[in-house]
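Numbering (the numbering used here), first residue to last: 3 to 321. Even for Gly, the Cβ is constructed at its ideal location relative to N, Cα and C.
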Amino acid sequence: MFCLLLVMISLVSTSGCLRSFEEESQLQIINIDVMAKDVRSAFVDLNVTMYVENYGETASNNNTTLVLKAYNIRTGLLEIEKENPIGNIPAESTRKVTVPVNLPKKDGYRVVALVFEDGSRKTGRQITLNNIEDLQGSLETPGVEISEMDFMIREVAEKKVLIQNDIYLTNEGVGENENYRMLVKAREMDASLIADKAWTDTGTFEPDETVIRSVNLSVPDNYNYAVEVILWEDDTIVRQGVDYVQLNPEKEIDKDKRLQTKNIDSGDFVVEGFGEAPVEEESASEYPTEEPGTPGFEIFGALMMLCMVYFVARRNKDE
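Right, dumping it as structure tokens:
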């Protein structure tokens with residue numbers, strides 16, 4: 003019995019000696035910085051940067067990860083959670099880890115950062131964000147986003163194309179959106195001339211709801227267009243979007259890659275009802291035709307023939 007106890011004590015002592023030779027990495031989050039990247043009317047995009055220091059004598063394991071959580075202070079609910087691998091951190095060095103987060107622009111948040119190594123928590127740190135709703139961006143934009151555009155040709159007549167523009171609007175805010183004025187323009191890509199434009203309203207709809215607003219534009223055929231959508235609140239632009247319609251697809255639509263100058267007929271872009279009517283240009287015939295003879299030559303030839311007949315008849319009579 004005494005020998006067995008002695009063996010157990012010996013094993014415990016040996017285990018402790020081996021562990022002392024393999025010192026674990028010592029990790030800690032020494033600071034957290036938060037920067038507002040984009041401020042919108044309903045959401046804010048933040049960059050949360052953590053500085054993780056390894057003050058130990060050995061490098062951390064490759065399986066080192068950082069978990070970032072944001073809790074709503076008012077409700078206590080978890081708003082967002084993200085996990086980022088940070089890999090090996092050498093001994094006596096610091097690793098900077100930036101995590102982008104998108105949060106509703108309301109209440110406040112408790113941001114918690116945790117570092118795990120091989121699934122075991124090593125360190126943690128937290129900060130509190132207050133007065134998020136007071137953040138102001140350089141351009142206040144609504145919760146309404148222009149998510150997509152579709153185009154359908156409704157009519158083709160007299161070198162004009164009637165295009166139905168279906169604009170998909172999504173309310174990404176936290177409440178019902180405001181009713182914004184919406185301007186839709188068709189801009190020819192090479193000359194940047196406006197072929198047609200129309201006004202309409204976005205209407206109001208609930209959060210996460212998507213609606214379609216349709217606008218018809220009449221444009222000259224065989225050109226490429228940028229369809230621009232602009233949302234207005236009184237005299238302020240709050241959102242812009244653009245998509246493309248190629249009625250002449252063999253032309254390069256990317257302005258940076260355009261290699262050839264396209265001849266634009268400005269008369270195609272004159273808006274009816276404004277100013278004087280444009281002067282119509284004569285168009286070349288599709289097939290070549292013979293030019294008519296010079297006026298007067300046919301009559302002169304007929305008179306010459308009559309004179310010749312008269313002189314011949316007179317000569318025969320005299321003979």
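Select from LYS107, LYS161, ASN179, ASN250 the residue whose C-alpha is nearest the C-alpha of SER220.
Comparing Cα-Cα distances from SER220 to each of LYS107, LYS161, ASN179, ASN250, the minimum goes to LYS161.
For the region 180-200 against the region 110-121, are there 3 or more C-beta pairs whose distance is under 8 Å?
They do not touch, by the three-pair rule.
The beta strand (DSSP E) with VAL352 in it runs from where to where?
The question about residue 352 has no answer here: the residues shown for the chain are numbered 3 through 321.
Alpha-carbon to alpha-carbon, ILE239 and MET151
Between the C-alpha atoms of MET151 and ILE239 there is a straight-line separation of about 19 Å.
In terms of residue numbering, what span does the beta strand (DSSP E) encompassing ILE169 cover?
Looking at the DSSP string, the run of the beta strand (DSSP E) that includes ILE169 is 162-173.
Run of the beta strand (DSSP E) containing SER220, from where it starts to where it stops:
Looking at the DSSP string, the run of the beta strand (DSSP E) that includes SER220 is 212-222.
Less than 9 Å separating the beta-carbons of TYR53 and VAL99?
Closer than 9 Å, so yes.
Alpha carbon to alpha carbon, what distance is there between GLU135 and TYR170?
So the two alpha carbons sit approximately 27 Å from each other.
For a quick check, are the C-beta atoms of ASN2 and ASP35 less than 9 Å apart?
Only positions 3 to 321 of the chain appear in the structure, and residue 2 is not among them; the question remains open.
Let me know the secondary structure DSSP gives ASP236 once reduced to three states.
Coil.
Any idea if VAL46 is buried or exposed, counting beta-carbon neighbours within 10 angstroms, 16 or more meaning buried?
By the 10 Å Cβ count, VAL46 comes out buried.
Using the beta-carbon count (16 or more within 10 Å), is ARG76 buried or exposed?
ARG76 comes out exposed.
For ASP120, which option in ASP40, GLY177, LEU29 has the closest C-alpha, if you only look at C-alpha atoms?
Of ASP40, GLY177, LEU29, the residue nearest in Cα terms is LEU29.
What's the gap between the Cα of VAL229 and the Cα of MET184?
Computed Cα separation, rounded: 13 Å.
Buried or exposed: where does THR130 fall if 16 or more other Cβ atoms within 10 Å of its Cβ makes it buried?
By the neighbour-count rule (16 or more Cβ atoms within 10 Å), THR130 is not buried but exposed.
Determine, using beta carbons only, whether GLU94 and GLU59 come nearer to each other than 9 Å.
For GLU94 and GLU59, yes; Cβs fall inside 9 Å.
Taking the alpha-carbon positions, what's the LEU68 to PRO87 distance?
If you draw a straight line from the Cα of LEU68 to the Cα of PRO87, it is about 6 Å long.
Taking C-beta to C-beta, are GLY145 and ALA72 nearer than 9 Å?
GLY145 places its beta carbon 9 Å or farther from that of ALA72.
Three-state secondary structure (DSSP) at ASP192?
The DSSP-derived three-state label of ASP192 is coil.
ILE165 to VAL231 span [Cα, whole Å]
Between ILE165 and VAL231, the C-alpha separation is close to 15 Å.
Is the distance from the Cβ of ASN90 to the Cβ of ASN63 below 9 Å?
Contact flag set, yes.
Where the beta strand (DSSP E) through ASP40 begins and ends:
For ASP40, the enclosing beta strand (DSSP E) covers residues 29-41.
Hey, would you say TYR227 sits closer than 9 Å to ALA200, going by beta carbons?
Contact flag unset, no.
Below 8 Å on the Cβ atoms is my guess for ARG204 versus VAL217; work out the distance and round it to an integer in Å.
Strictly speaking, residue 204 in this sequence is Thr, with Arg absent from that position. Between VAL217 and THR204 the Cβ distance is about 12 Å, and since that is not below 8 Å, they are no contact.
Determine the contact status of PHE207 and ASN167, defining contact as a CB-CB distance below 9 Å.
In this structure, ASN167 does not lie closer than 9 Å to PHE207 by Cβ.
What residue from THR96, GLU157, ARG127, GLY243 has the CA that sits closest to VAL186's CA?
Nearest C-alpha to VAL186: GLY243.
Unbroken beta strand (DSSP E) run spanning PRO87, endpoints
Its beta strand (DSSP E) spans residues 80-87.
Since PRO222 and GLY175 should fall inside the 8 Å C-beta cutoff, what is the C-beta to C-beta distance between them, to a whole number of angstroms?
The Cβ separation is near 39 Å, so there is no contact.
Collapsed DSSP secondary structure at ASP198 in the structure displayed
DSSP, reduced to helix, strand and coil, places ASP198 within a strand of the structure shown.
I'd like to know if SER220 contacts chain D, where contact means its C-beta is closer than 9 Å to some C-beta of that chain.
The displayed structure is made up of one protein chain only, and chain D is not part of it.
Buried/exposed call for LYS124, threshold 16 Cβ in 10 Å:
Buried, since its Cβ has 16 or more Cβ neighbours within 10 Å.
Would you kindly check if the distance between the Cβ of LEU195 and the Cβ of GLY41 is under 9 Å?
With the sequence shown as reference, residue 41 is identified as Val, and Gly is not the correct amino acid for it. Going by beta carbons, VAL41 and LEU195 fall outside the 9 Å limit.
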